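Heads up: the structure comes next, in structure tokens.
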Amino acid sequence: FVVGMVLYALGLVGLVVAIFDFRNTPVGQPVARGLYTVSRHPQTVMLFVLFFGMCLVIGSWLTLLTLLMSRLLQHFGILAEEEACLEQYGDAYRAYMERVPRYFVFF
């Protein structure tokens, strides 16, 4: 229960920070500040941490399975989003992709 609550809180705080980073980037520029320097998709990562924590608090395998399935579907959406970013931002985004992992250090 405690671990789940800690993960939930970390995910919530991280999500707010990632949204703040996103909203404070000028329109027409790729987001490459704050949490976006350690993950190309920190909002997705933080939502996963938040919901994983919630799964631990609830203690339901079905909820965890649903989270993992939705995460898999999100991955395909992210691949399409990255293609669109490559088209829009070109080499700047390609360089960003080389510097920053898609999800986190190990993904």
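Numbering (the numbering used here), first residue to last: -1 to 105. For every residue, glycine included, the Cβ atom is placed at its ideal position computed from N, Cα and C. Model, not experiment: these values are computed from the prediction.
Other residues of its chain near residue i: CB distance less than 8 Å, five sequence neighbours each side excluded
i	result
VAL4	GLY51
PHE18	GLY32
SER37	VAL43, VAL98, PRO99, ARG100, TYR101, PHE102
Residue i: first and last residue of the uninterrupted alpha helix (DSSP H) it sits in
i	result
HIS39	Element bounds for HIS39: n/a, residue is neither H nor E.
Inter-residue Cα distance where the pair is residue i and residue j
i	j	result
TYR91	GLY32	16 Å
GLN27	CYS53	35 Å
VAL55	PHE(-1)	5 Å
ASN22	ALA30	11 Å
THR61	GLU80	28 Å
Other residues of its chain near residue i: CB distance less than 7 Å, five sequence neighbours each side excluded
i	result
TYR87	PRO28
PHE49	LEU65
Requested in this report: May I ask you to verify whether the segment 85 to 100 touches the segment 63 to 71, counting CB pairs closer than 8 Å and requiring at least 3?
Outcome: no
Query raised in the report: Is the segment 40 to 54 close to the segment 4 to 15, with three or more CB pairs under 8 Å?
Result: yes
Query - In chain order, each beta strand (DSSP E) run of at least 3 residues that lies wholly inside the segment 12 to 93 - result: none
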